[in-house]
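K.L.:
There are 2 protein chains.
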Amino acid sequence: MVVWHNTKITKEDRIKLTKQKPCILWFTGLSGSGKSTLANALEEKLYKNGNLTYLLDGDNIRHGLNSDLGFSSKDRQENIRRIGEVSKLFVDAGLIVLSAFISPFRKDREFVRNLVSKDEFIEIFVDTPLSECEKRDPKGLYKKARKGEIKEFTGISSPYEPPLAPEIHIKNLSLEESVEKILNYLFTKKYITRKR
Amino acid sequence: MVVWHNTKITKEDRIKLTKQKPCILWFTGLSGSGKSTLANALEEKLYKNGNLTYLLDGDNIRHGLNSDLGFSSKDRQENIRRIGEVSKLFVDAGLIVLSAFISPFRKDREFVRNLVSKDEFIEIFVDTPLSECEKRDPKGLYKKARKGEIKEFTGISSPYEPPLAPEIHIKNLSLEESVEKILNYLFTKKYITRKR
């Protein structure tokens, strides 16, 4: 091969295929707040609308890309940095990315926000009170944290910095209402259109 | 939100949307062998066929996700590991991923191969002789390596381990012939179908 070829398929090209405006839906909130539940329920609706999405969560990140990272504050920062960079690649690929991680620190979330264009980062604050999260305690983590078996547990022994101006604030809503609120945002701002 | 929702959109669901069989097209070969050129030319054809693809190369990986990595052998291994894990996520998302990196070591390529199902990893050996790559030297890197200004340069001061049984072997072919060879492979094995 001697000819140097300069064609590059761009995000704009891919948008013509996917017929959606790619973005990062960044779910942040305490452990047990319902981030993953909400992200999964939303993804199902988006799928049924014909949208191409990808959900990043502990299941597919912690066991793979970030399997070398622990829970020190340095590793937590690197965890979010990599998730942000991967989310950016997915946006470049034309997808709507749903990222569901506690991501307790404002500066880490701001780092991700600044990786992409202004309207490509949608912060969704899943604002479930600590008392409710602790009552649910789906993985028994709060119990362990209270006993001191888990160090630096967000909300108990490590701070959670709530978003100051999230694009979407989920508070006192049912799962269905929460999904609708996000869908309405996406339709209104033309990230997606009714395909089906 | 009290109801725990268990729906998950899977790779199989996404395949119904994208109407293609996701896979990793892993281009390996010396610096200057034409990996990126070939990957870009192929991606253009795939795009025109209506396929959803994403190309991972130094441009979007080294400045982002792997910006913390250098060129020590440990960092090179970590570089390929992360690219492999990200490629796997893209396959899970339903895309055809084109990864164009020298990836000189067999064990690193085998690591990526083993991350996904057997038929999801397609190794493409861009087998351009060292003498030809050095003659092209598009970035002037061989010149620097010969002068000793770059240490551990693949092909000069660091080994390149050629694939023993690549799925596709590109040798003595024009760019157009190379693209056709890969496209034929993808059509024949039903990764893609003629959409347009």
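Residue numbers (our numbering), protein chains in the order written: chain F, 1 to 196; chain B, 197 to 392.
Where a beta carbon is used, it is the ideal one built from N, C-alpha and C, also for glycine.
Remember, it's a predicted structure, so these values are computed and weren't measured experimentally.
1. Expressed to the nearest angstrom, what Euclidean distance is found between the alpha-carbon atoms of B:Lys-351 and B:Glu-306?
2. Counting only C-beta atoms, is B:Val-282 closer than 8 Å to chain F at any point?
3. Measure the C-alpha to C-alpha separation of F:Trp-4 and F:Ile-96 and round it to an integer number of angstroms.
4. List, in chain order, every chain F residue whose beta-carbon is nearer than 8 Å to that of B:Asn-256.
5. Report yes or no: is there a C-beta of chain F within less than 8 Å of the C-beta of B:Leu-326?
6. Taking F:Glu-96 as part of the beta strand (DSSP E), name the residues at either end of that continuous run.
7. Identify each residue in the region 29-52 of chain F for which the Cβ-Cβ distance to at least one residue of chain B is less than 7 Å, and report them in chain order.
8. From B:Ala-237 to F:Arg-136, what distance separates their C-alpha atoms?
9. Touching or not, the region 239-258 of chain B and the region 89-106 of chain F, by the rule of three or more beta carbon pairs under 8 Å?
10. Could you check the C-alpha separation between B:Arg-390 and F:Ser-157 for me, to the nearest Å?
11. Secondary structure at B:Leu-285, three-state DSSP: helix, strand or coil?
12. Exposed or buried, B:Lys-343, counting other C-beta atoms within 10 Å across all chains shown (16 or more means buried)?
13. DSSP three-state label for B:Leu-265, please.
14. Between the beta-carbon of F:Gly-94 and the beta-carbon of B:Leu-213, is there less than 8 Å?
15. Should B:Ala-361 go down as buried or exposed, given a rule of 16 or more other Cβ atoms within 10 Å for buried?
16. To which residues does DSSP link B:Phe-223 through a beta bridge?
17. Is the CB-CB distance between F:Thr-28 and F:Ile-102 below 8 Å?
18. Just how far apart, CA to CA, sit B:Val-198 and F:Ser-67?
19. Note down, in chain order, every chain F residue with its Cβ under 8 Å from the Cβ of B:Arg-309.
20. How many whole angstroms separate the CB atoms of B:Leu-326 and B:Glu-281, which I take to be in contact at a CB cut-off of 8 Å?
21. Using the C-alpha atoms, what's the distance from F:Glu-177 back to F:Ile-61?
22. Check B:Ser-354 in the structure and name its three-state DSSP category.
23. Can you tell me whether DSSP reads B:Leu-379 as helix, strand or coil?
24. Return helix, strand or coil for F:Tyr-54, following the three-state DSSP convention.
25. Among F:Glu-44, F:Thr-10, F:Arg-14, F:Ser-33, which has the Cα closest to the Cα of F:Ile-170?
26. If I measure Cβ to Cβ from F:Cys-133 and keep anything under 6 Å in the same chain, skipping five residues before and after, which residues do I get?
27. Could you work out which residue in B:Val-308, B:Asp-315, B:Leu-294 is closest to B:Gln-476 when comparing CA atoms only?
28. Just how far apart, CA to CA, sit B:Glu-239 and B:Leu-294?
29. For a contact defined as C-beta to C-beta under 8 Å, what are the partners of B:Thr-214 on chain F?
P.N.:
A quick look at the data gives this:
1. Note that residue 351 of chain B corresponds to Gly in the displayed sequence, not to Lys. The C-alpha of B:Gly-351 lies about 20 Å from the C-alpha of B:Glu-306.
2. At a cut-off of 8 Å, the C-beta of B:Val-282 has a neighbouring C-beta in chain F.
3. In this prediction, F:Trp-4 has a pLDDT of 47, which is less than 50 and means its spatial position is unreliable; what the coordinates show is noted afterwards. Taking the straight line from one Cα to the other gives about 33 Å.
4. Per Cβ cutoff of 8 Å: Leu-89, Asp-92.
5. So, not an interface residue.
6. The question names Glu, but residue 96 of chain F is Ile in the sequence shown. Its beta strand (DSSP E) spans residues 96-100.
7. Here the close residues are Gly-34, Thr-37, Leu-38, Asn-40, Ala-41, Glu-43, Glu-44, Tyr-47, Gly-50, Leu-52.
8. Roughly 52 Å between the two C-alpha positions.
9. The answer is yes - the region 89-106 of chain F touches the region 239-258 of chain B, with three or more Cβ pairs under 8 Å.
10. Each residue's Cα considered, the two are about 57 Å apart.
11. Helix.
12. Classified as exposed, B:Lys-343 has fewer than 16 neighbouring CB atoms from the shown chains inside 10 Å of its CB.
13. It is coil, neither helix nor strand.
14. Against a cut-off of 8 Å, the Cβ pair of B:Leu-213 and F:Gly-94 comes out as no contact.
15. Counting C-beta atoms within 10 angstroms of its own C-beta, B:Ala-361 has fewer than 16 neighbours from the protein chains shown and is therefore classed as exposed.
16. Within the DSSP secondary-structure output, B:Phe-223 pairs in a beta bridge with B:Ala-296, B:Ile-320.
17. F:Thr-28 places its beta carbon less than 8 Å from that of F:Ile-102.
18. Reliability of the predicted coordinates at B:Val-198 is poor, the pLDDT of 42 falling under 50, and no value is obtained from them.
19. Residues of chain F with a Cβ closer than 8 Å to the Cβ of B:Arg-309 do not exist, since the nearest Cβ in that chain sits about 15 Å away.
20. The Cβ separation is near 30 Å, so there is no contact.
21. Their backbone Cα atoms lie some 28 Å apart in a straight line.
22. Three-state DSSP puts B:Ser-354 in a strand.
23. It is helical.
24. Of the three classes helix, strand and coil, the one that applies to F:Tyr-54 here is strand, per DSSP.
25. Nearest option by C-alpha distance: F:Ser-33.
26. Closer than 6 Å at the Cβ level, and outside the excluded window around F:Cys-133, lie Leu-30, Gly-32, Ser-33.
27. Because chain B in this structure spans residues 197 to 392, residue 476 of chain B falls outside the shown range and cannot be described.
28. The straight-line gap from Cα to Cα measures roughly 8 Å.
29. What B:Thr-214 touches in chain F: Leu-52.
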